[in-house]
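Here our numbering is used: the first residue of the sequence shown is 14, the next is one more, and so on.
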Amino acid sequence: MQDFWNQRYSEETFAYGTEPNEFFKQQLELLKPGSILLPAEGEGRNALYALQKGWKVHCFDYSESGKQKALELIRPFGFELDYQVCDVLEYRAEKQFDVLGFSYVHFPKEIRPKAHEYLLSFLKPGGTIIFEAFSKSQLGKSSRWSKKFGDALFRR
């Protein structure tokens, strides 16, 4: 799977564009800037948006190509970005975060519960999770974001 993402992110264009995920953007607007962890951040579109809004952004992905594209995306803005290349269960941080932001982060079912529990250990008490994902029922269907559906996914 790592080869798949390295190949996808090595293309000249950005696989998901350079604008932030709409649900992520709307939910981040409701929060006071602090520290945020973005697992499986890919090419950095959500990281850039958070940086522009005053957040201290930390992220990881297991694609080196994704990291290089993220750094390329933020370079013109002069921001610092803590971006590790690692598997979810290898991620390390010496701090906890105010927010965990998941935008279509789908871990393999064999490690999903362990990965989610592990990542929760990086959330400060009283912290917030922004989470948007597909369910199995979405397979084979169109994937348009819906405000009505998206709002139901965010809980503080």
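The beta carbon of each residue, even a glycine, is placed where N, CA and C say it ideally should be.
Annotation: Trp18 to Cys72 spans about 16 Å, alpha carbon to alpha carbon. Comparing C-alpha distances from Gly47 to each of Gly139, Glu145 and Phe90 shows the shortest one belongs to Gly139.
In the structure shown, the three-state DSSP call for Lys80 is helix. By the 16-neighbour rule on beta-carbons within 10 angstroms, Glu54 is buried. Here Arg105 is exposed: its Cβ has fewer than 16 other Cβ atoms, across all protein chains shown, within 10 Å. Annotation: Leu41 to Asp16 spans about 31 Å, alpha carbon to alpha carbon.
Taken in chain order, the complete alpha helix (DSSP H) segments of 4 or more residues contained in the stretch 16-93 are 35-41, 58-65 and 77-87.
CA-to-CA, the gap between Leu84 and Gly57 works out to about 8 Å. Under the DSSP assignment, Lys137 falls in the beta strand (DSSP E) whose first and last residues are Leu136 to Glu145. Considering only Lys45, Ala28 and Ala60, the residue with the shortest C-alpha distance to Phe115 is Ala60.
In the DSSP assignment, Leu132 falls within the alpha helix (DSSP H) that extends over Arg125 to Leu133.
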